[in-house]
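Residue numbers for the sequence shown follow the numbering used here, beginning at 1 and rising by one. All remarks here apply to the structure that follows.
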Amino acid sequence: MELEPGLAASLRKIERQVLAEVPLRPRAVRVIWLAIVALAAASIGAWVTSDVGGDRTLLGQIAIGLGVGGTVLSAAAATRRRFGWCVLAGAISGIAVPLSVLGYWSTQTGLGVASGWFLVAVLCHAVLVGNWAQCGRPPVPPRK
């Protein structure tokens, strides 16, 4: 049986939308939002405390930028719950983990300021990576 082209296109569109949806458990959503808020605070804290006489290190600035990017993309992914957004948010946070460690190191050694906010950002990014990685797994049926 042949479908009309318009109907077939509509069904393909619905199929793509359904397959792109990411089911997240309520607990995971709470943890993600907590990490997003903590990451936003850590990014602001790192920005404020890593300034020494108007000087900042390049790695510190990159880490702060990735913190802001991770916050925005994770908030978008948690709100939209689409596979592409979740992968992008996870990728940014995955890249940000080592760069936040390097931001801490460069700020401490280059400027003599130990900004613990970078380490808080590392933990937040790690939590986000762990939760966004769940989006690639098939859903687990609820226990009875």
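Glycine included, every Cβ here is placed at the ideal spot set by N, Cα and C. None of the values given here were measured: they were computed from a predicted structure.
* Is the beta carbon of LEU39 less than 9 Å from the beta carbon of HIS125? -> Counted from its first residue, the sequence shown places residue 39 at position 39. Counted from its first residue, the sequence shown places residue 125 at position 125. Yes; because the gap between Cβ atoms is below 9 Å, this pair is in contact.
* To do: Pick out whichever of GLY103, LEU128, CYS135, ARG137 has its Cα sitting closest to the Cα of ALA46.
  => Counting from 1 along the sequence shown, the entry for residue 46 is found at position 46. Answer by Cα proximity: GLY103.
* Asked: Are the beta-carbon atoms belonging to GLY65 and THR107 less than 9 Å from one another?
  -> As a working mapping, residue 65 is identified with position 65 in the sequence shown. As a working mapping, residue 107 is identified with position 107 in the sequence shown. Taking 9 Å as the Cβ cut-off, GLY65 and THR107 do not qualify as a contacting pair.
* Asked: How about the segment 118 to 135 and the segment 67 to 79: do they share at least three Cβ pairs that are nearer than 8 Å?
  -> yes
* **Contacting residues, own chain, Cβ-Cβ under 6 Å from SER74 (five flanking each side not counted)** => In the sequence shown, counting from the first residue as 1, residue 74 sits at position 74. Result list for SER74: ILE36, ALA89, LEU128, in chain order.
* When we look at the beta-carbon of SER10 and count the other beta-carbons within 10 Å, is it buried (16 or more) or exposed? -> Your numbering for residue 10 matches position 10 in the sequence shown. SER10 comes out exposed.
* To do: For the alpha helix (DSSP H) containing THR150, list its first residue and its last residue.
  => Nothing can be reported for residue 150, as the shown portion of the chain is limited to 1 through 144.
* **Whole-angstrom C-beta distance between SER50 and SER115, which should lie under 8 Å** => As a position in the sequence shown, residue 115 is number 115, starting the count at 1. As a position in the sequence shown, residue 50 is number 50, starting the count at 1. Confirmed, Cβ separation roughly 5 Å.
* **SER115, enclosing alpha helix (DSSP H) - first and last residue** => Reading the sequence shown from its first residue, position 115 is the one you call residue 115. Note, SER115: premise wrong, no alpha helix (DSSP H); not H, not E.
* Expressed to the nearest angstrom, what Euclidean distance is found between the alpha-carbon atoms of ASN131 and ILE32? -> Residue numbering aside, residue 131 sits at position 131 when the sequence shown is read from its first letter. Residue numbering aside, residue 32 sits at position 32 when the sequence shown is read from its first letter. Each residue's Cα considered, the two are about 7 Å apart.
* Asked: So what does DSSP say about GLU21, is it helix, strand or coil?
  -> Residue numbering aside, residue 21 sits at position 21 when the sequence shown is read from its first letter. Here GLU21 sits in strand by DSSP.
* **Contacts around ALA133, its chain only, beta-carbon distance under 8 Å, and the 5 residues preceding and following it disregarded** => As a first step, residue 133 is located in the sequence shown; it is residue number 133 there, counting from the start. These residues qualify, in order along the chain: GLY90.
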